[in-house]
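All remarks here apply to the structure that follows.
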Ligand code: ADP
Ligand code: MG
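In full-length UniProt numbering, the protein residues as written are 1 to 909.
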């Protein structure tokens, strides 16, 4: 066959239209069918011939009356003979395209052809079928809910008119980035039912501009577009907020004939031009699209193409029904239509399923969720709440985990408690050991305390506070007994001293009558005292834990008696010394000296005294154990050692004959003075030890009281109140220090050392008791009979003040060496010391520790004194042991002595 080119069948690519919507994205060509109407009455009247033949459903052949000319054959998707009903045309392809809108794919059905070719006739039928099928589909698809809206417009002379609301006048086209071209203010009616839709479509039909033409009286001269918008979503499935939404355009175009063929007047010519312009643009767009050239497509050249842009090569399935007249008289125009149809077949569209999110549905969905959550919150035990369930499970797990951890902690606590208990028991045993003097310690003069013992003493102070339990009762009882042992030893030593004095007095028969009487009286007194020197038998106590008995023994007056005895001994020594000083001036003395050639006190005969006057407790001793009881077996004389600083005069007996009396006299005087000093020192040492014994007694009493207190009071309330208690006690102590003229070095040491640690409680209490006792003692002395103690009470206070003065002088000497020049000046300024003067150092020191009421003053005083004597809080030479319950010797003898010797002085020992 020769003639117009055929459309190759291979180019026809159709999506399977069996399921509305098909695949989600469908690329397919425009469906093009040709419908040939029957000859109308007019054509019959003219005896017009049928120029076209349909050999099959896809082919249309022009029957050329000239047999010499070849027949022209056209192929399309479908070709419908004049006898075919509109329903068949519709079902032959258009239906599937149209109904794809029900599944979210845009669709467009065109009717293209010359005037009176049957476009309106066909589209009317197609529209009716579409409406019918849509509602049929909705009826059958109950699971989805559909929303149909309808709008209709007419493009007449390139003017867009709303067919459902013609009163609004011409409508503008707007470009929307998402939706493309939209018609402004176009009414879109929601369709309530099939009938409602049909009625609305009917209205549109009535509104069409119908004009009369020579070809078709009822032929429309406008383009009509009925647009259905179909939205559908599943009814039941919760959470689905998306829905299909698509438009279906049913387009009935105006006639495609040439203007010249309309044979119309001016007005109609104008209409014809316009009609052709839209059609020409449509033709151009189709031709361009079909050529495959994707350059400029002139959609915007007409309103029709703008509105239908998606349908022409865009997101839409499109079917074009070309209507033709079979009459030979219209062959040329028919060929033009078929030419257009042929081009249209080449146009490819890319249709896709339009899924939309409905705001309304979304809102509804969210509201439902909120309502559900609210109900779950109101009933947290709701089993439907998986979220809460998981939370509960998690919480349960945590509780279990915590329970396990708690069990483990309890177990660890029990272990720790049992360990603590064991350790405590061990400590108690240790305390018992530490509190006790061992025979070894007693008899071994040791200058330094073994480290282990020091450590144990440090621990002891805590132990004393913390663990005075029944085990301590025994330890304390033992301690008391050791105390008694010491007391007994001191008593023995005092007796020895008394014996020596007795011997000396007996041998000393020099002097005048008055002296002889005095010595006789003294001797008598000594003998009386010796008679009463019955050392009590060792106390036998059955039950060591019976502290009451121990306390009673402690409260005995033995120490007081011992003190008195020593006082007396000292008095005798003084008397002896003074009598000697008198005697040495007499001729008898000189004669005796020549004859006897011995020292006045007969040191060679009194080896014990030699030792005793060198007793380690003597403040003048350069060696020894100050706080140790002297050895009981120290009877061996050390002849190489003499009490004289100037050497021994004993070895020079032979030479004595040749020396002059004056020299002898001086020698004896020196020796005698030295002996007097030494024996006095020895007795002073004894007294000091007795004082310490007294203090130890106080401490023991404190311990007993505390132990009793601990046993009666179970709660440790005192610990709770300790900070306040400490402050109060410290105030009292500071005041008592001041009142008793206590050594300011001792004050400083104590102040710096005890700063409120709960473990310090015992020391604070002991110090307070001691000072209270001292203060009372001094007060009693003030009221007591001077004869009782053999001296004026006022002199005790005076000597205390004197000792304090000496201490201040000692400290003043250290100002320049211990403080820098700048520091000194600052202190002078701060303490209001005159800027110029000789005694500035002394002035400064004299101001220290003078205001017991002023806390700051006390603190600063302590700091200055601490610097001057070279100790600080953590200094090695200041230790709590100094104030310990045990009177072991501290490492620093000076510090110790300064503390205790002064106290001894205050006690007038
Ligand atoms: P158009 O809209 O293309 O101008 P119409 O649809 O108005 O033409 O048709 C013109 C006339 O032809 C109408 O009277 C119509 O009834 C009639 N007609 C068109 N097509 C057919 C057909 N296939 N079968 C019977 N009558 C038809
Ligand atoms: Mg028409």
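From the three backbone atoms N, C-alpha and C, an ideal C-beta is built for every residue, glycine too.
Quantities reported herein were computed from a predicted structural model and do not represent experimental measurements.
- In its own chain, which residues sit with a C-beta less than 6 Å from the C-beta of residue 331, not counting the 5 before and 5 after it? 51
- When you compare each of 243, 342, 821, 754 to residue 354 by their alpha carbons, which one comes out closest? 243
- Message: Can you list, in chain order, the residues of its chain with a C-beta nearer than 8 Å to that of residue 801? Leave out the 5 residues immediately preceding and following it.
- Response: 741
- Message: Does residue 722 come out as helix, strand or coil in the three-state DSSP assignment?
- Response: helix
- Message: Using only CA atoms, which one of 689, 771, 418, 109 lies nearest to residue 739?
- Response: 771
- Task: Verify whether the separation of the beta carbon atoms of residue 302 and residue 184 is less than 8 Å.
- Result: no
- Tell me the DSSP bridge mates of residue 113? 323
- Using 10 angstroms around the beta-carbon of residue 298, count the other beta-carbons present and answer buried if the total reaches 16, otherwise exposed. exposed
- Give me the Cβ distance between residue 119 and residue 111, rounded to the nearest whole Å; I'm assuming they're in contact under 8 Å. 4 Å
- Task: Would you mind reading off the limits of the beta strand (DSSP E) that contains residue 250?
- Result: 242 to 252
- Are the Cβ atoms of residue 984 and residue 37 separated by less than 8 Å? With the chain covering only 1 through 909, there is no way to say anything about residue 984.
- Item | Where residue 369 falls, given that 16 or more other Cβ within 10 Å makes a residue buried | exposed
- Please report how far the alpha carbon of residue 307 lies from the alpha carbon of residue 378, in whole angstroms. 54 Å
- In terms of residue numbering, what span does the alpha helix (DSSP H) encompassing residue 332 cover? 331 to 345
- Query: Using a Cβ-Cβ cut-off of 7 Å (strictly less than) and excluding sequence neighbours within five positions of residue 86, which residues of its own chain qualify?
  - Reply: 122, 125, 126
- Go through the segment 39 to 108 residue by residue and report every complete run of the beta strand (DSSP E) that reaches 3 residues or more, in order. 52 to 56, 59 to 62, 72 to 75, 78 to 80
- Let me know if residue 606 comes out buried or exposed under the rule of 16 or more other beta-carbons within 10 Å of its beta-carbon. Any reading at residue 606 must be qualified, since the residue scores a pLDDT of 38, below 50, and its modelled position is unreliable; no value is offered.
- Residue burial classification, residue 411 (beta-carbon count within 10 angstroms, cutoff 16): exposed
- Message: On a Cα-Cα basis, can you pick out the residue from 501, 680, 766, 230 that is closest to residue 192?
- Response: 230
- Message: Tell me whether residue 86, by its Cβ, gets closer than 7 Å to a heavy atom of the ligand MG.
- Response: no
- Message: Shorter than 7 Å, the distance from the beta carbon of residue 252 to the closest heavy atom of the ligand MG, or not?
- Response: yes
- Query: Can you round the beta-carbon distance between residue 97 and residue 151 to whole angstroms, since I take them to be within the 8 Å contact cut?
  - Reply: Contact doesn't hold; Cβ gap of about 20 Å is too wide.
- Message: Suppose you measure from the CA of residue 686 to the CA of residue 499; what does that come to, to the nearest Å?
- Response: 15 Å
- Message: Extract the residue ranges of the alpha helix (DSSP H) inside the segment 119 to 150, only unbroken runs of 4 or more that lie entirely within it.
- Response: 119 to 140
- So does residue 924 have its beta carbon nearer than 7 Å to some heavy atom of the ligand MG? Residue numbering for the chain in the displayed model covers 1 to 909; residue 924 lies beyond these limits and cannot be assessed.
- Message: Tell me the rounded alpha-carbon separation between residue 558 and residue 868.
- Response: 40 Å
- Message: residue 136 and residue 234 - do their beta-carbons sit closer together than 8 Å?
- Response: no
- Item | N- and C-terminal bounds of the beta strand (DSSP E) containing residue 838 | Neither: residue 838 is in no beta strand (DSSP E) and is coded neither H nor E.
- Taking 8 Å as the cut-off, decide whether the C-beta atoms of residue 338 and residue 31 are in contact. no
- Item | residue 862: first and last residue of the uninterrupted alpha helix (DSSP H) it sits in | 855 to 869
- Query: Cβ-heavy atom distance between residue 92 and the ligand ADP below 7 Å?
  - Reply: no
- Could you check what DSSP says for residue 574 in three-state terms: helix, strand or coil? helix
- Run through DSSP, which three-state label would residue 296 get? coil
- Heavy atom of the ligand NAP within 7 Å of residue 117 beta-carbon: The ligand NAP is not part of the structure shown, which contains the ligand ADP and the ligand MG as its ligands.
- Task: Apply the 10 Å Cβ neighbour rule to residue 253 and answer buried if 16 or more other Cβ atoms are within range, or exposed otherwise.
- Result: buried
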